[in-house]
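**Q**
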Amino acid sequence: MMGLTHIVFSIFFYGATASIFNLPITRGILAIVAFGALVPDIDNPTSSIGMLFLPLSKWINKRYGHRTITHSLWFWLGGTCLSLAIAYPVGELTYAVAFSMGTLSHLIADGMTKTGVMLFWPNSRPVYFIPQRLTVKTNSRQELVVFIIFSFLAVSTVGIYYIGWRSVFRSAMPTFVGARNLYLEKGCREGEAYRVFVKLTYCEGFCYDLEGEIIGAGYERFYLATPRGYFEVTENRVPKVYWMKTRGPYYTKILPLRDVMNQKLQLSPFDVVLTNKVPRYIKDVDLNEILKENPGAEVKIYKYKGALK
Ligand SMILES: [Zn+2]
Numbered sequence: 084m085m086g087l088t089h090i091v092f093s094i095f096f097y098g099a100t101a102s103i104f105n106l107p108i109t110r111g112i113l114a115i116v117a118f119g120a121l122v123p124d125i126d127n128p129t130s131s132i133g134m135l136f137l138p139l140s141k142w143i144n145k146r147y148g149h150r151t152i153t154h155s156l157w158f159w160l161g162g163t164c165l166s167l168a169i170a171y172p173v174g175e176l177t178y179a180v181a182f183s184m185g186t187l188s189h190l191i192a193d194g195m196t197k198t199g200v201m202l203f204w205p206n207s208r209p210v211y212f213i214p215q216r217l218t219v220k221t222n223s224r225q226e227l228v229v230f231i232i233f234s235f236l237a238v239s240t241v242g243i244y245y246i247g248w249r250s251v252f253r254s255a256m257p258t259f260v261g262a263r264n265l266y267l268e269k270g271c272r273e274g275e276a277y278r279v280f281v282k283l284t285y286c287e288g289f290c291y292d293l294e295g296e297i298i299g300a301g302y303e304r305f306y307l308a309t310p311r312g313y314f315e316v317t318e319n320r321v322p323k324v325y326w327m328k329t330r331g332p333y334y335t336k337i338l339p340l341r342d343v344m345n346q347k348l349q350l351s352p353f354d355v356v357l358t359n360k361v362p363r364y365i366k367d368v369d370l371n372e373i374l375k376e377n378p379g380a381e382v383k384i385y386k387y388k389g390a391l392k
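To convert a position in the sequence shown, counted from 1, into our numbering, add 83.
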């Protein structure tokens, strides 16, 4: 495959994995992924990376030929270990993961071409990652089609990471960011709003699964009401999100707690008291106590659409 195809495939590959495993996506990380995706072609002096390291590239090409040692599992493992050794002291292991996945994506992409990839070099048997009749010829019209398809997929997977729920993949690839954005965009406003439920793994010392409703969100965190209690959930405490669901639409109003109590509005046990501390369900708090501590506290009231004027 050509360099640009390797780049878009690596970004798709990393983007999809990051959406599933909650890895960070930043411009810097994507640059490392793309660099990792070019490195195996250092055995080809006419490739972009080969031109950059021309003497080394010529030497490897003369001694081993193209798609041999630098396209093997051993090269990938060695590169991963080396990048870990560089990234570990800096405290940025995700850089090493990004590099490793970039390189791996290169081997997979070359394994979709007619020539295949000698994953177990010096064993010269080529390995293919798709049925051989579907493999494409490098630098052909077919590769252009592959390039266009993966450009589209790369943009959408990276987008899925940020946008989360918008995509049809949202239930297939739920993430912390997706869950928080879902709440901020659909569950957090007055008027038509949704209640947002999520199941995730939460780690504080040790890890366990939590299932509950998001009842508040701030910068890089949300508040989760569960049968175990209330949790302030930040991204680094959530290694995995299993699913997120919405219920509704409801008609939502946010009113000062003082007014709600004076007007003796009918409250549901699942209406939420918003204070500067963790938001809580009405049923779990003494409203007079809250008002004493927080005269400015507000209540978010959920009613089935049409039930609240
Ligand atoms: Zn290659």
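Using N, Cα and C, we set each Cβ at its ideal position, and we do this for glycine too.
For clarity, every value in this text was computed on a predicted model and none was experimentally measured.
Please classify PHE259 as buried or exposed, where buried requires at least 16 other C-beta atoms within 10 Å of its C-beta.
**A** Buried, since its Cβ has 16 or more Cβ neighbours within 10 Å.
**Q** Ignore the nearest five residues each way along the sequence and tell me which others in VAL279's own chain have a CB closer than 6 Å to its CB.
**A** LEU265, TYR266, GLY270, ILE297 and THR329, listed in sequence order.
**Q** Can LEU190 and TRP159 be called in contact, C-beta distance under 8 Å?
**A** Yes; because the gap between Cβ atoms is below 8 Å, this pair is in contact.
**Q** Can you list every residue whose CB sits closer than 6 Å to some heavy atom of ligand 1, going in chain order?
**A** Going along the chain, the residues that qualify are PRO123, ASP124, ARG150, HIS154, HIS189 and ASP193.
**Q** Once DSSP output is grouped into helix, strand and coil, what is the label at LEU357?
**A** Correct three-state label for LEU357: strand.
**Q** Looking at PHE230: is its Cβ nearer than 8 Å to the Cβ of VAL368?
**A** Their beta carbons are not under 8 Å apart, which means PHE230 does not touch VAL368 by this criterion.
**Q** How is the beta strand (DSSP E) around VAL324 delimited, first residue to last?
**A** Unbroken beta strand (DSSP E) run through VAL324: 323 to 339.
**Q** By the DSSP assignment, the beta strand (DSSP E) with GLY299 in it spans what residues?
**A** Residues 289 to 301.
**Q** Got a sec, what are the start and stop residues for the alpha helix (DSSP H) THR186 sits in?
**A** Where THR186 is concerned, the enclosing alpha helix (DSSP H) stretches over 176 to 193.
**Q** Using the Cα positions of ALA380 and LYS336, report the straight-line distance between them to the nearest angstrom.
**A** So the two alpha carbons sit approximately 14 Å from each other.
**Q** Pull up the distance between the alpha-carbon of VAL238 and that of TYR306, whole angstroms please.
**A** Rounded to whole angstroms, VAL238 to TYR306 spans 30 Å at the Cα level.
**Q** Are LEU338 and VAL356 closer than 8 Å when you measure CB to CB?
**A** No, they are not a contact pair.
**Q** Could you please give the first and the last residue of the uninterrupted beta strand (DSSP E) stretch that includes PHE212?
**A** No beta strand (DSSP E) holds PHE212; DSSP gives it neither H nor E.
**Q** Going by the beta-carbon positions, is the gap between SER93 and VAL122 smaller than 8 Å?
**A** The answer is no: Cβ separation not under 8 Å.
**Q** Need the endpoints of the beta strand (DSSP E) that ALA380 sits in, please.
**A** ALA380 -> no beta strand (DSSP E), and no H or E assigned at all.
**Q** Let me know the secondary structure DSSP gives GLU273 once reduced to three states.
**A** If DSSP states are grouped into helix, strand and coil, GLU273 belongs with coil.
**Q** Cα-Cα, which of PHE95, THR284, CYS164 and ILE384 is closest to GLU275?
**A** Ranking PHE95, THR284, CYS164 and ILE384 by Cα distance to GLU275 puts ILE384 first.
**Q** If we call anything under 8 Å between Cβ atoms a contact, is THR196 one with MET84?
**A** It is a contact, given that the beta carbons lie within the stated cut-off.
**Q** How about the stretch 313 to 327 and the stretch 284 to 301: do they share at least three Cβ pairs that are nearer than 8 Å?
**A** Because the criterion of three Cβ pairs below 8 Å is met, the stretch 313 to 327 and the stretch 284 to 301 touch.
**Q** Give a yes or no on whether the C-beta atoms belonging to THR129 and GLU226 are separated by under 8 Å.
**A** No, these two residues do not count as a Cβ contact at 8 Å.
**Q** Can you have a look at ARG263 and say buried or exposed, based on whether 16 or more other CB atoms are within 10 angstroms of its CB?
**A** When all chains shown are included, ARG263 counts as buried.
**Q** Hey, GLY119 and ALA192 are a contact pair by Cβ (cut 8 Å); roughly how many whole angstroms apart?
**A** Not a contact, Cβ separation roughly 12 Å.
**Q** Apart from the five residues just before and just after TYR171, which ones in its own chain have a Cβ nearer than 8 Å to its Cβ?
**A** Once the five neighbours on either side are set aside, the close Cβ partners of TYR171 are ALA179.
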